[in-house]
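Visitor: Input: one structure, supplied below.
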Amino acid sequence: MRLSRPLLLTSAFYATMFGALGAHLPFWPVWLEDWGLTPAEVGLFLALSMITRTIAGFGFPVLADRLDKRRATMAVICAGAAVLFLAHLAIGSKAWLLVATLASGALLSGLLPLGEALGAGAARRHGFAYAPARACGSLAFLGASLILGVLIARFGPNAILLWLVLFLCATSVLGFIHPGGGTLTGQSPPALADIGRLLTNRTFLLFTAAAAFGQSSHAVFYAYGSVHWRALGLSEPTIGALWSFSVVVEIALMLGPGPWLIRRLGAVGALVLGAIGGIVRWSLMATDPTGALVWGLQALHALSFAMGHLGAMAFIAAAVPERFGGTAQGAYSGLAGGILTAAGMGGAAVLYPYFGGGAYLLAAGMSAICLVLAIVLSRRWRGAEIDI
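Counting in numbering that gives the first Met the number 0, the sequence shown runs from 0 upward without gaps.
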């Protein structure tokens, strides 16, 4: 693999972006609780922020496409988020903290779809494999979760806030010079009517639903994985190691056979393989495994998550015209990371108290829906760009 400047810049961008997300996702609730919120209030604040996250996570990419300014949009929202997090140091009331939580959630929601649009665009434009660059993001996410835990223990929860400010500033700079975000050539920015036609295109709807069901099948695990492992008698260090192991196998796939598998299977084939991995993983998780088997099932994260995600990125790169790149990413991440993940967590909250690990059958069902939709998609889409 040739280390070109576009590849290095894209990899660095993914590292700083996921360095920020790897701090916010696991540790921001700790900062909120240290500020003075009760655990119930922390949950309420984060649940309410899902509303603004879902709306803005689609709105920012659409705006970036309409303006033909993906790099500038990314730079502005990262800089704005950095300023907003720094302003948290001066917040003295719960009302203002709620406002800041909603606003910061809205800004952060734009990072992933815009970042993926830039990353996939750079890979397509400059001819390098997407997976190794994206693996740098997963590696940074893992590193942030490990390093920040040590920093919090030594310096307190404000280490989270300052980490976020630093990494968001770096992401803003790298976003502004990203090799995947240049002005469109030979194409005009999409009008709202064009965006509407993309979002209602049957092939794109099939893809979005298939990919989103595959990714959101992880919602049960995200909500109750650690809780259920503790109930089965696993220790906290073992649980932490299992979470880290899943990220390690994800990185190994992206740095290793991932690009070859995408070339061999194609985008839809990768979605199918990811769905099969999810069905096996979640069905066996419902049997309450411990010991060596649970490690083997965590290794299937390379299929259920990483292979499915690589397939989704490959489909968008091949099927969606470049001028719709942000909109397509926003629709995919909004449905997968917002609506269906929230529905999956809600379903798990209903099922887990009654069935325990049996709630994983909901996740297996979501993976099965992904498989069926991906098979239907394979019969409809033959690898050509969607005509909008």
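The beta-carbon is built from N, C-alpha and C at its ideal position, and this holds for glycine as well. All values derive from a computational prediction rather than experimental measurement.
Does the segment 205-224 come within contact of the segment 105-121, defined as at least 3 CB pairs closer than 8 Å?
Guide: Cβ pair count under 8 Å is below three, so no.
Visitor: Which residue's Cα is closest to the Cα of residue 308: 285, 274, 97 and 324?
Guide: Measuring from the Cα of residue 308, the nearest candidate turns out to be 274.
Visitor: Excluding the 5 residues preceding and the 5 following residue 178 in the sequence, name in chain order all residues of the same chain whose CB lies nearer than 8 Å to its CB.
Guide: Result list for residue 178: 4, 5, 8, 9, 121, 124 and 125, in chain order.
Visitor: Would you call residue 359 buried or exposed, if buried means 16 or more other Cβ atoms sit within 10 Å of its Cβ?
Guide: Answer is buried; the Cβ neighbour count reaches 16.
Visitor: Are the Cβ atoms of residue 385 and residue 200 separated by less than 7 Å?
Guide: The answer is yes: Cβ separation under 7 Å.
Visitor: Have a look at 176, 56, 26 and 39 and flag the residue whose alpha-carbon is nearest the alpha-carbon of residue 68.
Guide: Nearest of 176, 56, 26 and 39 to residue 68, Cα basis: 176.
Visitor: Just reading off the alpha helix (DSSP H) that residue 330 is part of, what are its end residues?
Guide: Looking at the DSSP string, the run of the alpha helix (DSSP H) that includes residue 330 is 324-332.
Visitor: Just verifying my parser: in three-state terms, what is the DSSP assignment at residue 258?
Guide: Residue 258 falls in the helix class under three-state DSSP.
Visitor: Quick one, are the C-beta atoms of residue 18 and residue 166 less than 7 Å apart?
Guide: In this structure, residue 166 lies closer than 7 Å to residue 18 by Cβ.
Visitor: Please classify residue 229 as buried or exposed, where buried requires at least 16 other C-beta atoms within 10 Å of its C-beta.
Guide: Classification for residue 229: exposed.
Visitor: Measure the Cβ-Cβ separation of residue 267 and residue 376 and say whether it is below 7 Å.
Guide: Yes, the pair counts as a contact, with Cβ atoms nearer than the cut-off.
Visitor: Is the Cβ-Cβ distance between residue 90 and residue 96 less than 7 Å?
Guide: Contact: yes.
Visitor: Between the alpha carbons of residue 226 and residue 278, how many angstroms are there, rounded?
Guide: About 21 Å.
Visitor: When you compare the CB positions of residue 174 and residue 74, do they come within less than 7 Å of one another, or not?
Guide: Yes, the Cβ-Cβ distance between residue 174 and residue 74 is below 7 Å.
Visitor: Hey, could you find the ends of the alpha helix (DSSP H) residue 391 is sitting in?
Guide: Any answer about residue 391 is impossible in this case: the structure gives the chain only from 0 up to 387.
Visitor: Could you check the C-alpha separation between residue 53 and residue 146 for me, to the nearest Å?
Guide: In a straight line, the C-alpha of residue 53 is about 29 Å away from that of residue 146.
Visitor: Of the residues 311, 45 and 322, which one's Cα is nearest the Cα of residue 32?
Guide: The shortest Cα separation from residue 32 among 311, 45 and 322 belongs to 45.
Visitor: If distances are taken between C-alpha atoms only, which option among 114, 276 and 60 comes closest to residue 323?
Guide: The option with the nearest alpha carbon to residue 323 is 60.
Visitor: Does the distance from the CB of residue 300 to the CB of residue 235 come in under 7 Å?
Guide: Contact: no.
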